[in-house]
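Residue numbers for the sequence shown follow my numbering, beginning at 721 and rising by one.
For glycine and all other residues, C-beta sits at the position ideal for the given N, C-alpha and C.
What follows is a short report on a single structure.
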Amino acid sequence: MKEQKTAYEQYRKEVYRIAWRVQYRAKVVKRRECSLGVYEPAITNFATSSDDKIVVQQLINDLPSNTGRTIIFKLFMQDKTEGEVARELNMTQQGVSKWKRKMLQEMSRMMSS
């Protein structure tokens with residue numbers, strides 16, 4: 721019989737997944753862009769900082785669109801694919817992808833301001 725996970729453990733695991741994806745995306749973007757040596761993005765370890773976990777959850781909650789919030793939550797917190805989310809929300813996979821891109825840009829903008 722498996723032990724039930726506490727809400728804290730489940731939340732920690734989900735935030736760790738989001739943080740890993742954010743870090744991976746930052747590395748990909750950094751590799752793709754030409755660095756002038758002036759600005760190097762700070763890469764932090766979200767897995768060890770509870771403050772960063774709270775910030776990620778607040779950013780998701782502060783997104784302006786209910787649809788965008790739902791899509792981001794399902795993709796990153798519930799670890800669903802774009803296709804699964806599209807079927808659940810009666811959308812196309814391309815529509816989900818566009819919403820995801822918009823919401824990630826919005827989260828990035830909110831973090832930088």
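The C-alpha of E729 is placed about 15 Å away from the C-alpha of Q777. Counting only residues of its own chain and dropping the five nearest sequence neighbours on each side, E826 has a CB closer than 8 Å to the CB of L783, P784 and G788.
Listed in chain order, the alpha helix (DSSP H) runs fully inside the segment 781-822 are 786-792 and 802-809, counting runs of at least 4 residues.
T812 and F793 have their alpha carbons spaced roughly 17 Å apart.
Distance check between N810 and each of L824, I791, R745 and R821 places I791 closest, using alpha-carbon atoms only. K818 and K800 have their C-alpha atoms roughly 16 Å apart. Around the beta carbon of V735, 16 or more other beta carbons sit within 10 angstroms, so the residue counts as buried. Within the model, the alpha-carbon separation for Q743 versus S828 is close to 13 Å.
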